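Colleague: The following block contains the structure, expressed as structure tokens.
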Amino acid sequence: MLWSKEHRFIFVKTKKTAGTTIEVLLQDFCVDKSELQHSAHSTREIITPSGIVGFRGKWRPPWCRFYNHMPLQAIYNRLGKDQFERCLVVASVRDPYDAAVSFFHQKYLSVEQALEVHQRNPDRLKQLFLKSVKKNSNQNIYFDVQGSNRVDAVIRFEELVTDLRDLADRLDLSSLKNRIDAGEMPSLKQRSRKSSRLKISDYFTEASLRIVNGKYQRWFVGGNYPKASSMDELIR
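Structure below.
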């Protein structure tokens, strides 16, 4: 997560949405560059009067107060109501069906392993995917404070450059816009399913579809993504 007192924004990093890329671009507006580590992928927790860069990495120390993939309610509680309500709250999102599949590949099976399972037993891959979405946490936690949506703007994985440019205009971050226009975009941990031989219907069943629809409800609305009510709608 990020917080900038001067520029009055909070960034909520969600899972599998190019969140690290976005954080690297925005963190310069939160703390002095001298505070930042050389590694883009990871950083210690940095708390200063001008802003915060949350811990980013695999093994979060138990004493960290601010960190990656932090629920919005926790950010609200730790920043306090006054600071929170002065800020534009921004979250990264992605088509929920693609996000759920990407999470499955990160945590359980690589794309190559999933393809092997599918070729041997298509139903087995769907069973494993269903188990994955059941275990996955409710992704609405990145949007909600006291049960209400408090995210003001989103950056869509599919429209990363466009949405970042719009955010730069909205927050008057001219140096960010200059970097984007110059093509100086870091590409960190971004992967697309477009090259995969597996189709979305190879993962989903009616049961997993219902779970994803519920756990990503805020993402559908915030990113204006089409929501399928049945497998027939999903594969059209």
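Note that the numbering used here has the sequence shown beginning at 1338, numbered continuously upward.
Each residue gets a CB set at the ideal place from its N, CA and C atoms; glycine is no exception.
Here the structure is a predicted model, which is why all the values come from computation and not from measurement.
1. Just to confirm my understanding: we take Glu1543, look at its own chain, exclude 5 residues before and 5 after, and list those with CB closer than 8 Å. What are they?
2. Beta-carbon within less than 6 Å of Leu1363's beta-carbon, same chain only, minus the 5 sequence neighbours each way: which residues are those?
3. What are the start and end residues of the alpha helix (DSSP H) that includes Gly1356?
4. Could you give the residue range of the alpha helix (DSSP H) that holds Gly1559?
5. To the nearest angstrom, how far is it from the Cα of Glu1360 to the Cα of Met1407?
6. May I ask which residues mark the beginning and end of the alpha helix (DSSP H) holding Ile1478?
7. If we call anything under 8 Å between Cβ atoms a contact, is Phe1392 one with Ala1428?
8. Would you call the CB atoms of Arg1493 and Val1558 closer than 8 Å?
9. Alpha carbon to alpha carbon, how far is Arg1345 from Asp1518? Give it in angstroms, no decimals.
10. Report all residues from its chain with a CB closer than 8 Å to the CB of Arg1402; omit the five preceding and five following residues, and keep chain order.
11. Flag this pair as touching only if the stretch 1448-1457 and the stretch 1481-1488 have three or more C-beta atom pairs under 8 Å; answer yes or no.
12. On a CA-only basis, which of Ile1537, Ser1341, Ala1436, Gln1420 is nearest Gly1356? Give me that one, please.
13. For the candidate residues Val1470, Leu1508, Ile1389, whose alpha-carbon lies nearest to that of Val1549?
Modeller: Reading off the structure:
1. Taking the first residue of the sequence shown as position 1, residue 1543 is located at position 206. Sequence-distant Cβ neighbours of Glu1543 in its own chain, meaning closer than 8 Å and more than five residues away, are Ser1567, Met1568.
2. Here residue 1363 corresponds to residue number 26 of the sequence shown, with the count starting at 1. Here the set comprises Leu1339, Phe1348.
3. Taking the first residue of the sequence shown as position 1, residue 1356 is located at position 19. Counting along the chain, the alpha helix (DSSP H) containing Gly1356 begins and ends at 1356-1363.
4. Locating residue 1559 in the sequence shown gives position 222, counting from the first residue. Start and end: 1554-1560.
5. The count along the sequence shown starts at 1 and reaches residue 1360 at position 23. The count along the sequence shown starts at 1 and reaches residue 1407 at position 70. The alpha-carbon separation between Glu1360 and Met1407 amounts to approximately 13 Å.
6. Taking the first residue of the sequence shown as position 1, residue 1478 is located at position 141. No alpha helix (DSSP H) holds Ile1478; DSSP gives it neither H nor E.
7. Reading the sequence shown from its first residue, position 55 is the one you call residue 1392. Reading the sequence shown from its first residue, position 91 is the one you call residue 1428. Going by beta carbons, Phe1392 and Ala1428 fall outside the 8 Å limit.
8. The residue labelled residue 1493 in the question sits at position 156 within the sequence shown. The residue labelled residue 1558 in the question sits at position 221 within the sequence shown. Contact flag unset, no.
9. Here the question's residue 1518 lines up with position 181 in the sequence shown. Here the question's residue 1345 lines up with position 8 in the sequence shown. Distance between the alpha carbons of Asp1518 and Arg1345 is about 23 Å.
10. Locating residue 1402 in the sequence shown gives position 65, counting from the first residue. Taken in chain order, the residues that qualify are Glu1382, Ile1384, Arg1415.
11. No contact exists between the stretch 1448-1457 and the stretch 1481-1488.
12. Walking along the sequence shown from the start, residue 1356 turns up at place 19. Closest option to Gly1356, Cα to Cα, is Ala1436.
13. The residue labelled residue 1549 in the question sits at position 212 within the sequence shown. With distances taken between Cα atoms, Val1549 lies closest to Val1470.
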